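If you're matching them up, the sequences are chains F and E in order.
Quick note on the working numbering: the first sequence kicks off at -15 and runs consecutively.
Quick note on the working numbering: the second sequence kicks off at 63 and runs consecutively.
In this text, a Cβ means the ideal position worked out from N, Cα and C, and glycines have one as well.
Note that this is a predicted model, so its numbers are computed, not measured.
Worksheet: one structure, shown below.
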Amino acid sequence: MLDLLYLLLGGVLWNNIILTQLLGLSPFLVERKSSVEDVWGMGMMTTALMTASAFVAFLIYDVILEPLALEFLENIILILIVFLLVILFQQYKKGEAREKRWHFYLPDVFMNTAVFGILLLNMTEWETVIEAIVGAAGFGLGFAVLLVIIEAINSRVDKLPLPEWLRGIPIQLITLGILALAVSGFSGI
Amino acid sequence: MELFSSEFWQQSRIYLLLLALAPALGGATNFSNALYLGLITLVVTMAAGLVNVALKGIIEKEARVPFTVIVTITLLTMYQFYLMIFNASLLDELGIFIPLAALNVLVLRQTVLFEVEDVSHEFRKSVWLGVQFLFLLAFLGGLREMLATGSIMGTDMLARNLSFFGEPGGMLIILGMLFALVKAVAPELQQDREKGVK
């Protein structure tokens, strides 16, 4: 039980996939107008996608690929799983009123290298299905929390008297860099 | 199913290059790794483009993005096997960043080739973008190595080094500073968003 908690918290803090591996940076490299609710929704969507793909990928890896010694197909199978799940998510979201906004985020969610990255990094690390689900949910939560933090900081930074050339992406990346240095202090725990 | 609207590809060159950095930035720890990652991306971009041109009209609209991604990732997996035999240390250093190149925005942009009339122009444009990406990534990797260790590929450059630039946070700060510099020197660069990549 404590192991699972460690796995979950690790994904949010000291193993945060964005701040330690620089994966899934694409939402931070595009300038757009959004609110905290928007980015939280997008973060939750990514968390759900990560958890679902980790579950499916772990089962397929454990039941099909490993017994048949087909581990070399890992890359292709994992990316297909992520892709199919993105399509499923899109179908599920179709009827909702916020569909337009969701569609706007879709390239970001698909191109989010963090989803594919955590599968590649952890497929052999996770030992049980529960571990895979909790670990992936931790990474997803870390991503969502970071999106919200950056969005909240941005809304304050906008009010500061900054020079024009520092506004937008530059200050966003520098803030993220400082956050990464702060989070690296957790790594000794 | 449409994953990318056609407006998505109309963003300016600088935004596409920034987005293209997303899957490669973590692997660009020093100059040579960055150069390798840039070259790998350039080669798979060209290969995906050639395959897409050859199969234009055969692949259905819904299957274009997954088709491009699977062609690319197959090539990258083959390259991983090659490295496994001939250069295992490079494979260890680049690690997951080799298969991640398949999700690079420059590779996904090759799906545009299925739609446009003037294929050779579009293809040349994508190769040019790939070359620019190669230079940008190598520059960032070199800068990071120089600031973190004080030398590039064994040649001493700086008297002092700041090891925190070797960490991921340092890379983000370098990129932020560089982008601020670009914005200060050439503010018109990011305003051609509507006009698209030229």
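Judged by DSSP secondary structure, Thr112(F) falls outside any alpha helix (DSSP H); it is assigned neither H nor E. Between the region 44 to 60 of chain F and the region 16 to 35 of chain F, the count of C-beta pairs closer than 8 Å stays below three; the two stretches do not touch.
Going by beta carbons, Pro85(E) and Asn149(E) fall outside the 8 Å limit. Taken through DSSP and simplified to helix, strand or coil, Ile214(E) comes out as strand.
Between the alpha carbons of Glu135(F) and Ile147(E) lies a gap of roughly 45 Å. Under the Cβ distance rule, Gly119(E) does not count among the residues neighbouring chain F, no pair being separated by less than 8 Å. Burial of Leu237(E) is indicated by the presence of at least 16 other C-beta atoms within 10 angstroms of its C-beta. Around the C-beta of Gly119(E), fewer than 16 other C-beta atoms lie within 10 Å, and the residue is accordingly described as exposed.
Taking the CA atoms as reference points, Leu153(E) sits about 43 Å from Asp142(F). The straight-line gap separating the alpha-carbon atoms of Leu6(F) and Gly88(E) is approximately 5 Å. When rounded, the separation of the alpha-carbon atoms in Arg206(E) and Gly232(E) is 8 Å.
Fully contained in the region 110 to 154 of chain E are the following alpha helix (DSSP H) runs of length 4 or more, in chain order: 126 to 148. Note on geometry: alpha-carbon atoms of Thr217(E) and Ile158(F) lie some 29 Å from one another. Residue state for Ser74(E) is assigned as coil, using DSSP reduced to three classes. When the Cα atoms are used, Glu115(F) and Gly(-5)(F) turn out to be separated by approximately 12 Å. With fewer than 16 other Cβ atoms inside 10 Å of its own Cβ, Tyr144(E) counts as exposed. Comparing C-alpha distances from Leu131(F) to each of Thr108(F), Leu160(F), Trp149(F), Asn106(F) shows the shortest one belongs to Leu160(F). Minimum Cα-Cα distance from Ala246(E) among the listed residues Val167(F), Leu146(F), Arg140(F), Leu(-3)(F) corresponds to Leu146(F).
Judged by DSSP in its simplified three-state form, Lys245(E) adopts helix. Residues of chain F whose Cβ lies closer than 8 Å to the Cβ of Phe241(E) are, in chain order, Ile153, Pro154, Leu157. Taking 8 Å as the threshold, the shortest C-beta distance from Ala164(F) to chain E falls below it. A distance below 8 Å between beta-carbons, with the five flanking residues on each side excluded, links Val169(E) to the following residues of its chain, in chain order: Thr103, Val106, Thr107, Ala110, Thr130, Val131, Thr134, Ala163.
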